[in-house]
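For reference, the structure is listed below as structure tokens.
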Amino acid sequence: MTGIDQTQDRAALDRAARQNYGKLLASLVKFCGDFDLAEDGLQEAMTRAAEKWPKGGKPRNENSWLITVARNCITDHLRKDFRSSGQLEFDEIPGPDNNVDGRDDRTEFKDERLGLIFMCCHPALESSMRVALTLKSLCGLSTRQIAAVFLQKETTMAQRIVRAKRKIRKSGISFSDDSGAIPLNRLDDVLAVIYFVFNEGYYSISEDRLIDTSLCEEAVFLARMLCQLMPLETEPRGLLALMYFHQARESARQSIDGHTIEMHSQNRSAWDRAKITTADRVLRGVLMRGRPGPYQIQAAISALHCHAPSFEETDWQQIKMLYLELLRHTDTPVVHLNLCVAIRYADSPEQAYDYLCKFVDPDPLNEYLPYHLTKGRLQLDLSDFKAAEDSLTTALGHCRNQREETHIRSLLNQPGVASSPSEKP
Numbered sequence: 008m009t010g011i012d013q014t015q016d017r018a019a020l021d022r023a024a025r026q027n028y029g030k031l032l033a034s035l036v037k038f039c040g041d042f043d044l045a046e047d048g049l050q051e052a053m054t055r056a057a058e059k060w061p062k063g064g065k066p067r068n069e070n071s072w073l074i075t076v077a078r079n080c081i082t083d084h085l086r087k088d089f090r091s092s093g094q095l096e097f098d099e100i101p102g103p104d105n106n107v108d109g110r111d112d113r114t115e116f117k118d119e120r121l122g123l124i125f126m127c128c129h130p131a132l133e134s135s136m137r138v139a140l141t142l143k144s145l146c147g148l149s150t151r152q153i154a155a156v157f158l159q160k161e162t163t164m165a166q167r168i169v170r171a172k173r174k175i176r177k178s179g180i181s182f183s184d185d186s187g188a189i190p191l192n193r194l195d196d197v198l199a200v201i202y203f204v205f206n207e208g209y210y211s212i213s214e215d216r217l218i219d220t221s222l223c224e225e226a227v228f229l230a231r232m233l234c235q236l237m238p239l240e241t242e243p244r245g246l247l248a249l250m251y252f253h254q255a256r257e258s259a260r261q262s263i264d265g266h267t268i269e270m271h272s273q274n275r276s277a278w279d280r281a282k283i284t285t286a287d288r289v290l291r292g293v294l295m296r297g298r299p300g301p302y303q304i305q306a307a308i309s310a311l312h313c314h315a316p317s318f319e320e321t322d323w324q325q326i327k328m329l330y331l332e333l334l335r336h337t338d339t340p341v342v343h344l345n346l347c348v349a350i351r352y353a354d355s356p357e358q359a360y361d362y363l364c365k366f367v368d369p370d371p372l373n374e375y376l377p378y379h380l381t382k383g384r385l386q387l388d389l390s391d392f393k394a395a396e397d398s399l400t401t402a403l404g405h406c407r408n409q410r411e412e413t414h415i416r417s418l419l420n421q422p423g424v425a426s427s428p429s430e431k432p
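If you count the sequence shown from 1, you need to add 7 to reach the working numbering.
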């Protein structure tokens, strides 16, 4: 086999692992009921694929190959544990299919990702543990990525994920079957998980790309599936509309050289009008039900941005009112921070900075880059260059990649900031 063929097979494996991790793992968790065992089985299947595919070529159905091999590995492990405990019979789990190498296996397996989300969002788990475990298992996000989402240290997040798995094992929490009644008491956490997945893709911390479209598409797929399973619920549709509005703007968010283009500088003719139309249709349909929730309100805010002819012509007063309404549903420091931005354009930078100082609690946002960035920009507006330099320098310390660092340094190099007196060596 040529080097080109081997490279293509390796790329196929990487693609199967990256794009289908959650789907593969969900099937395995339902198969064996254990996160660690499912992860180990999938990792072993990936390892074997890395050895076999470059030599013999990739199978016709990569996912089925990986599932078959992973299940065989899990079964072998369970049989060994069973026999080591002194048991002689093991009929509950079928033996491995040693005749299947996956090459001609075209068997399709059911998509169990929503079942996995609902399992992770069991009320026995703390809220933060539910979301973290789902991000880890469903999307294969690294512990570092999840820690960035939660504004936590990586070691703290790793411990939280381990505790979540241990809690599921000890509590006997079983895989949630989405064919039956959907547990409404887990819906808020499920929606939060899906939106976290989308945001991790939309604001990727990867060095080589601004947007991880595979994560965004996974989140949209899960939201659409949730809408089908829960047709009477309004917030899944609000979330779906919100993500569609965001997706409509994604092509204009990055320059040719890979730098972020902020909304005020984006080429609005590059926005996907078909996607905006779809988002409008979803949002109008759900708003007609008269049960507005936080995702519907955020979608309405995004709709105002998408329909404004220019940044200057955006209806900032209406956006400000919507953020005030959002606070009635979700009173969080991040919502208060977003309201500051709306006040900046609806009223004045002075009023926005006054609101920031009075109503935005800085303690939960100390590790949150947008807080320091927003504060620094408002100080620039007020010509308080020394304070702006301090805030932007703090923001610089929270950058997750070179792209963010380049953007903040461009603000620090603006006239006034660069020439302001500094006590730093």
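Glycine included, C-beta positions come from ideal geometry on N, C-alpha and C. Nothing here was measured: the structure is a model prediction, and the numbers come from that model.
What would DSSP say about residue i, mapped onto helix, strand or coil?
i	result
Q261	strand
I100	Per-residue confidence for I100 stands at a pLDDT of 45, beneath the threshold of 50, marking its modelled position as unreliable; the derived number appears in the next sentence. In this structure, I100 counts as coil in the three-state DSSP scheme.
T321	coil
T339	coil
T267	strand
A226	helix
Q273	coil
G300	coil
W72	helix
D279	coil
F182	coil
M136	helix
A248	helix
Q254	helix
G292	helix
M164	helix
R110	Residue confidence is low: R110 scores 45 on pLDDT, short of 50, so the model does not pin down where it sits. No coordinate-derived value is stated.
I315	It is worth fixing the name first, because residue 315 is Ala in this sequence and not Ile. Reduced to three states, the DSSP call for A315 is coil.
L148	coil
C128	coil
L198	helix
Y330	helix
I11	The predicted position of I11 is uncertain, since its pLDDT is 46 and thus under 50; a value taken from the coordinates is nonetheless stated next. Note: I11 maps to helix in three-state DSSP.
Y210	coil
Q305	helix
G64	coil
E46	helix
I175	helix
P238	coil
Using CA coordinates, which residue listed in the options is at the minimum distance from residue i?
i	options	result
F125	V36, K177, A248, K282	V36
T413	L372, I268, E319, L387	I268
C347	P377, R298, I168, R335	P377
D196	S181, S144, A139	A139
D118	F228, I283, T400, D361	F228
C313	A286, R291, I168, I81	A286
E396	Q409, V342, S417	S417
Q386	C364, W72, A230	C364
Q409	L123, H266, V204	H266
W278	S262, A255, V293, I263	A255
R407	S390, I308, C234, Y375	Y375
Q325	I308, L142, P340, A33	I308
I74	G64, G48, D83, R275	G48
F424	L399, F392, E411	Note on identity: in this sequence residue 424 is Val, with Phe being the wrong assignment. The residue with the shortest Cα to Cα distance from V424 is F392.
Here's the rule I'm using: 16 or more other beta-carbon atoms within 10 Å means buried, otherwise exposed. How should residue i be labelled?
i	result
D111	Note that D111 has pLDDT 45, beneath the 50 cutoff, so the model's placement of it is unreliable and the number below is only indicative. Flag for D111 reads exposed.
I415	buried
M250	buried
G29	buried
T150	buried
L191	exposed
A281	exposed
M53	buried
E133	exposed
N345	buried
G179	exposed
R291	exposed
I168	buried
E46	buried
R351	buried
F252	buried
P66	buried
R296	exposed
P422	exposed
L123	buried
N70	buried
G404	exposed
A239	Note that residue 239 is Leu in the sequence shown, not Ala. Flag for L239 reads exposed.
For the ligand FMN, is there any heavy atom lying closer than 7 Å to the beta carbon of residue i?
i	result
L399	Among the ligands in the structure shown, none appear at all, so the ligand FMN cannot be discussed.
Quick one: does residue i have its CB under 8 Å from some CB of chain B?
i	result
N373	Of the protein chains in this structure there is only one, and it is not chain B.
Answer yes if the region 301-313 comes into contact with the region 240-260, meaning at least three C-beta pairs across the two stretches below 8 Å, and no otherwise.
-> Output reads yes: the region 301-313 touches the region 240-260.
Which residue spans inside the region 346-432 form an unbroken beta strand (DSSP E) run of at least 3?
-> Taking 3 residues as the shortest admissible run, the region 346-432 contains no complete beta strand (DSSP E) segment at all.
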